[in-house]
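Engineer: Residue numbers (the working numbering): 41 to 261.
Every residue, glycine too, gets a C-beta built ideally from N, C-alpha and C.
Bear in mind that the values here come from a model prediction, so they are computed numbers and not experimental data.
Quick one: the structure is below, questions incoming.
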């Protein structure tokens, strides 16, 4: 390998190593004060839209916000803020991946009661008044075509195997498979939410009737 090639490899490996060293290990959690549920819920929706996610389920009664899958080409599409770090940006460039964000509201756990079940914690019966916290998770889904076979001599040479007995309507379909969590991107979303909740930031619109809105799904154009 030439000196220039070794230098190029080294430069590409630096952000990967730094991202690996600083990678979080658990989903981020953002606390909020008593009576601040409505403001926090609205702020979470705004942050997800700012990150260019399209909202799917918006359920204030259950304390859940989810998004439609969002894809990008990593560092080739720097204007799309889905790749939160260099490692994710490089991976998205070479893999067909998309991300689904979920924001879950729950009561603040009692001291010593945290068992690590961040996203699975059941919401309290009343989320409107007591203090609580927001758990942010981002699932990574990798897109693939069943039957793909890559040539051993080059990754650019590939073929696809088809089952003649299978339904012809399924030929050429693309499927999604969950391959893990993007904790770095979840951390970016959590930090943006925490910034919006700082004292002095514009408050959200008050809830005039003191009740949670009905569960619904929000489909954006």
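Could you have a look at residue 221 and say whether DSSP puts it in helix, strand or coil?
Structural biologist: Three-state result, residue 221: strand.
Engineer: Alpha carbon to alpha carbon, how far is residue 180 from residue 87? Give it in angstroms, no decimals.
Structural biologist: If you take the alpha carbons of residue 87 and residue 180, they lie about 19 angstroms apart.
Engineer: Report all residues from its chain with a CB closer than 8 angstroms to the CB of residue 84; omit the five preceding and five following residues, and keep chain order.
Structural biologist: Hits under 8 angstroms: 105, 143, 174, 233.
Engineer: Express the C-alpha separation of residue 221 and residue 99 in angstroms, rounding to a whole number.
Structural biologist: Roughly 22 angstroms between the two C-alpha positions.
Engineer: Determine whether the Cβ of residue 71 lies closer than 7 angstroms to any Cβ atom of chain E.
Structural biologist: Among the chains of the structure shown, chain E does not appear; only one protein chain is present.
Engineer: If the criterion is Cβ atoms closer than 7 angstroms, does the pair residue 227 and residue 72 meet it?
Structural biologist: Cβ distance not < 7 angstroms, so residue 227 and residue 72 don't count as in contact.
Engineer: Does the beta-carbon distance from residue 68 to residue 176 come in below 7 angstroms?
Structural biologist: Yes, Cβ-Cβ distance for residue 68 and residue 176 is below 7 angstroms.
Engineer: Leaving aside the five residues before and after residue 93 along the sequence, list all residues of the same chain whose C-beta is less than 6 angstroms from its C-beta, in chain order.
Structural biologist: Here the set comprises 107, 110, 141.
Engineer: Got a sec? Which residues, its chain only, sit under 8 angstroms from residue 219 by beta carbon, not counting five neighbours each side?
Structural biologist: Answer for residue 219: 137, 180, 181, 182, listed in chain order.
Engineer: Return the CA-CA distance between residue 215 and residue 96, expressed in angstroms with no decimal places.
Structural biologist: Taking the straight line joining both Cα atoms gives about 20 angstroms.
Engineer: Which two residues bound the contiguous beta strand (DSSP E) that contains residue 95?
Structural biologist: Run containing residue 95: 95–99, per the beta strand (DSSP E) assignment.
Engineer: Any idea if residue 230 is buried or exposed, counting beta-carbon neighbours within 10 angstroms, 16 or more meaning buried?
Structural biologist: Counting Cβ neighbours within 10 Å, residue 230 comes out buried, since at least 16 surround it.
Engineer: Run the CB neighbour count on residue 238, radius 10 Å, all protein chains shown included, and call it buried at 16 or more, exposed below.
Structural biologist: Exposed is the call here.
Engineer: Going by DSSP, what residues sit across from residue 137 in a beta bridge?
Structural biologist: In the DSSP output, where bridge partners are listed per residue, residue 137 has 182.
Engineer: Near residue 148, which residues of its chain fall below 6 angstroms by C-beta distance, leaving aside the five closest residues on each side in sequence?
Structural biologist: For residue 148, where only same-chain residues beyond five positions count, the Cβ hits under 6 angstroms are 171, 172, 173.
Engineer: Which word fits residue 75, buried or exposed, when buried means at least 16 other C-beta atoms lie within 10 angstroms of its C-beta?
Structural biologist: Per the 10 Å Cβ criterion, exposed.
Engineer: Looking at the unbroken alpha helix (DSSP H) that takes in residue 66, where does it start and where does it end?
Structural biologist: Neither: residue 66 is in no alpha helix (DSSP H) and is coded neither H nor E.
Engineer: Rounded to whole angstroms, what is the Cα-Cα separation between residue 166 and residue 145?
Structural biologist: Computed Cα separation, rounded: 11 angstroms.
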